[in-house]
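Enquirer: Mapping of the sequence shown onto UniProt numbering: residues 1 to 621, in sequence order. Ideal placement from N, C-alpha and C gives every residue a C-beta, glycine not left out. I'd like to ask some things about the structure below.
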Amino acid sequence: MLERIREGAQGPAAKIILILIILSFAVAGVGNYLTGSNEVVVAKVNDVTINAQSLEQAYQNERARLENQLGDMFDSLAADPNYLESIKSGVLDRLVTKTVLEEAARDYGLTVSDDMVRDTIRSMEEFKIDGRFNNERYLALIRQIGMNPNTFSELIRTDLIRTQLVSAITNSEFVLPGESQALANLMAQTRDVSYTLIDAEPLKADIDVSDEQINKYYQDNLFQFNAPELISLEYVELNAADLADGMAVTDEEVQQYYQDNLNQYVTPEKRLAAHILISNDTDNAEQKAQDIYAKLQAGEDFAALAKAESDDSFSGQNGGQLDWFEKGVMTPDFDKALFETAKGEYSSVFKSDFGYQIVKVLDVQERAQASIEQVKEDVIAELKQDKAANNFFALQQQLADISYEVPDTLTEAAQAIDAEIKTTPLFSRNNAPAPFNSADVLAIAFSGEVLDERMNSEVVELGNNHVMVMRVKQHQQAGTMPLEEVSEPIKQQLLREQAIAKANILASSIAEQVRQGVPTMEQFEEHKALARFGTDVDNAIVNKAFQMGLVDGKPAVDTVELANGVAVIQVTQINDEATDDAQMISAVAERIQNQLIESEYNGIVGVLKAKAAISYPVQAQ
1 MLERIREGAQ
11 GPAAKIILIL
21 IILSFAVAGV
31 GNYLTGSNEV
41 VVAKVNDVTI
51 NAQSLEQAYQ
61 NERARLENQL
71 GDMFDSLAAD
81 PNYLESIKSG
91 VLDRLVTKTV
101 LEEAARDYGL
111 TVSDDMVRDT
121 IRSMEEFKID
131 GRFNNERYLA
141 LIRQIGMNPN
151 TFSELIRTDL
161 IRTQLVSAIT
171 NSEFVLPGES
181 QALANLMAQT
191 RDVSYTLIDA
201 EPLKADIDVS
211 DEQINKYYQD
221 NLFQFNAPEL
231 ISLEYVELNA
241 ADLADGMAVT
251 DEEVQQYYQD
261 NLNQYVTPEK
271 RLAAHILISN
281 DTDNAEQKAQ
291 DIYAKLQAGE
301 DFAALAKAES
311 DDSFSGQNGG
321 QLDWFEKGVM
331 TPDFDKALFE
341 TAKGEYSSVF
351 KSDFGYQIVK
361 VLDVQERAQA
371 SIEQVKEDVI
381 AELKQDKAAN
391 NFFALQQQLA
401 DISYEVPDTL
411 TEAAQAIDAE
421 IKTTPLFSRN
431 NAPAPFNSAD
441 VLAIAFSGEV
451 LDERMNSEVV
461 ELGNNHVMVM
471 RVKQHQQAGT
481 MPLEEVSEPI
491 KQQLLREQAI
501 AKANILASSI
511 AEQVRQGVPT
521 MEQFEEHKAL
531 ARFGTDVDNA
541 IVNKAFQMGL
551 VDGKPAVDTV
561 ELANGVAVIQ
571 VTQINDEATD
581 DAQMISAVAE
591 RIQNQLIESE
601 YNGIVGVLKA
611 KAAISYPVQA
621 Q
């Protein structure tokens, strides 16, 4: 969160955040947000309402993001309804926070310029093709969410205003050089340390773990020994991609395929278009477009008119220029005007979904036919795929028929399609290997027909021209693992615990001797100037050493438990350092500033929420 807030205060990063904000608006039903809705209200912030549809769609968007991020782990988490409710609750809270920030920004009179709105939209990746802003893509996408350029621009303006408020908060925090220097000095501090290790392993020799102790641990910790349901599968796999490698293709077949499919190897004609758009929202839109057409007829410059008159201000800045288009890509009206107009000429006024338009053809790339030599490799690959697909369908039918007719074995089916029978190790629903780790395949693997009746499965589709049939080879029911299977691990655990307990007693005795100045038989290993983030010494010893302080200037002594024993630690000297590492000081300053930013941001949001009239109707609970 710290990084997101900080980045939100900076130019290019702010645009990225805006993209995410805008997408969340689009997914969350921006049309309803702007025009009102009869949906059930789940939250009200002053006079602004958040409806159930907006919440549900924003929740589904967040859920999809988490599924993509967490993968199969999400399915396990989503099995807990409390987890899903916590996600929805967090989404609703973010919608409320966004609303109170927008309200506050309006109350403070914050504004943004038209140029900033235009530049923000042009920077959005969603509207780019090959790294460049594409006006037609922009118009098509905003139309999909029920908006026109004016309303979308106002939405962006609102988001930018809200970001202004956040920026004002984040940019107000600063760190004094003395603060970052002091913390950097503390992080650079070193300590003179000596320690000795009490190894627990030799102490196990004198420990006897009885069957009664093992049984008691087992009974007291049964939850540790729950075993999931496990299965091992046999399966026969059929994949057209594997078949293609063995397909033979002759030169005659290549020549015939090329002649039969000449159109596939044509680079179609492309035209570079410019346009002037008068939006449907403009008063007397058709007449205005006709007036512009008359000016063109009178000899006025197309680019100058586009810049001055077009409601599409983005292309207008470039003289109305759009992009290269092939026939059939654009809407029929635009397409017809573009491809029936000669190079360097402009069309008459025509009506489109976006308004009234005039199209000019700036340049033309003629249609070109690729030679057989240029596309031979592609033709061979296509022929192999076609042959493999034909062979695949015939083999798939054989696989389906034989595995059904002989349902208690895969041997005959495998022989019929010349495939091997593969076997999986035992696995549970939560750790299935590929290709069994999808919900659909797992459902069939653990179905009654396959699991209980021990029959061959139906043909399972894994992908395009990729199938398999499976059957259970081994099955283990879920339940508590028997004591005899876990007795030895329990014994080793008890041995370790009792050995560590003995080591703790010895370590405490040695530590007390050191405090009293009594000589000990233990050899202490010394480390001068041990660093806080050093890696030469066990991390547990380092952490403990930096928690210890000298007592009246005298060495401090303590113990710490390790993985296989206990250490007695003595800190004899604390070495304060004044670091001049500019990179470290800068990183420390950034860390402090991020903490201040988060605190300030949370505080402002808390105050705004406290002042706002926020309610959650009964239906939202």
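Just checking my contact of residue 342 with residue 329 at CB under 8 Å: how many whole Å lie between their CB atoms?
Expert: The pair is not a contact, with the Cβ atoms about 20 Å apart (cut-off 8 Å).
Enquirer: Do residue 327 and residue 268 count as a contact pair if the criterion is CB distance below 9 Å?
Expert: yes
Enquirer: Do the CB positions of residue 612 and residue 102 come within less than 9 Å of each other?
Expert: Contact check for residue 612 against residue 102 fails: the beta carbons are separated by 9 Å or more.
Enquirer: So the candidates are 475, 239, 257; which of them puts its Cα closest to the Cα of residue 371?
Expert: 257
Enquirer: So, helix, strand or coil for residue 479, using DSSP?
Expert: strand
Enquirer: Spatial neighbours of residue 617 within its chain, please: C-beta separation below 6 Å, excluding the five flanking residues on both sides.
Expert: These residues qualify, in order along the chain: 41.
Enquirer: Mind pulling the alpha helix (DSSP H) runs of 4 or more residues that sit fully within the stretch 504–550?
Expert: 539–545
Enquirer: Given a threshold of 16 other Cβ atoms within 10 Å of its Cβ, counted over all protein chains shown, does residue 20 qualify as buried or as exposed?
Expert: Any reading at residue 20 must be qualified, since the residue scores a pLDDT of 41, below 50, and its modelled position is unreliable; the value itself is stated next. So residue 20 counts as exposed.
Enquirer: In the DSSP assignment, find the beta strand (DSSP E) that holds residue 44 and state where it starts and stops.
Expert: Start and end: 41–45.
Enquirer: Please report how far the alpha carbon of residue 178 lies from the alpha carbon of residue 574, in whole angstroms.
Expert: 21 Å
Enquirer: Using a 10 Å radius around the Cβ and a threshold of 16 neighbouring Cβ atoms, would you call residue 608 buried or exposed?
Expert: buried
Enquirer: On the DSSP letters alone, give me the boundaries of the beta strand (DSSP E) that residue 570 sits inside.
Expert: 565–575
Enquirer: Quick one, which of 442, 44, 403 has its alpha-carbon nearest residue 455's?
Expert: 403
Enquirer: Using the rule of at least 16 other Cβ atoms within 10 Å of the residue's Cβ for burial, across every protein chain shown, is residue 114 buried or exposed?
Expert: Label assigned to residue 114: exposed.
Enquirer: Where does residue 190 sit, in a helix, a strand or coil, going by DSSP?
Expert: strand
Enquirer: Tell me, please, which residues DSSP counts as bridged to residue 223.
Expert: DSSP lists no partner for residue 223.
Enquirer: Just to check my reading of the structure: residue 562 and residue 536 have Cβ atoms closer than 8 Å, yes? What is that Cβ distance to the nearest angstrom?
Expert: Rounded, the Cβ-Cβ distance is 15 Å, inconsistent with contact.
Enquirer: Could you pull out every residue in the same chain whose Cβ sits closer than 7 Å to the Cβ of residue 310, ignoring the five residues on either side in sequence?
Expert: Excluding positions up to five away in sequence, the list reads 276, 277, 316, 320.
Enquirer: Grouping DSSP H, G and I as helix and E and B as strand, with all else coil, what is residue 60?
Expert: Helix at residue 60.
Enquirer: Which value, in whole angstroms, describes the spacing of the CA atoms of residue 349 and residue 367?
Expert: 27 Å
Enquirer: Decide if the stretch 132–152 is in contact with the stretch 279–297; the criterion is three or more beta carbon pairs, one per stretch, under 8 Å apart.
Expert: yes
Enquirer: Buried or exposed for residue 521, going by 16 or more other Cβ atoms inside 10 Å?
Expert: Exposed.
Enquirer: Quick one: residues in its chain with C-beta nearer than 8 Å to the C-beta of residue 129, no 5 flanking neighbours on either side, listed in chain order?
Expert: 137, 323
Enquirer: According to DSSP, simplified to helix, strand and coil, what is residue 376?
Expert: Taken through DSSP and simplified to helix, strand or coil, residue 376 comes out as helix.
Enquirer: Spell out the partners DSSP gives residue 199 in its beta bridges.
Expert: 565
Enquirer: So, is residue 108 buried or exposed, given that buried needs 16 or more other C-beta atoms within 10 angstroms?
Expert: exposed
Enquirer: Locate the alpha helix (DSSP H) running through residue 604, then write down its first and last residues.
Expert: 582–611
Enquirer: Which two residues bound the contiguous alpha helix (DSSP H) that contains residue 411?
Expert: For residue 411, the uninterrupted alpha helix (DSSP H) segment begins and ends at 411–416.
Enquirer: Measuring only the C-alpha atoms, how far is residue 629 from residue 486?
Expert: Residue numbering for the chain in the displayed model covers 1 to 621; residue 629 lies beyond these limits and cannot be assessed.
Enquirer: Taking the straight line between their C-alpha atoms, what separation do you get for residue 50 and residue 88?
Expert: 14 Å
Enquirer: Go to residue 239, then tell me how far its beta strand (DSSP E) extends in each direction, as first and last residue.
Expert: 230–239
Enquirer: So if DSSP puts residue 87 in a beta bridge, which residue, or which two residues, is it bridged to?
Expert: Answer is none; residue 87 lacks a bridge partner.
Enquirer: Between which two residues does the beta strand (DSSP E) holding residue 363 run?
Expert: 355–365
Enquirer: Does residue 132 pass the burial test, meaning 16 or more other C-beta atoms within 10 Å, or should it be called exposed?
Expert: The C-beta of residue 132 has fewer than 16 other C-beta atoms within 10 Å across all chains shown, which makes the residue exposed.
Enquirer: Identify the residues that DSSP records as bridge partners of residue 472: which are they?
Expert: 233
Enquirer: What do you get for residue 155, buried or exposed, if any count of 16 or more other CB atoms within 10 angstroms of its CB means buried?
Expert: buried
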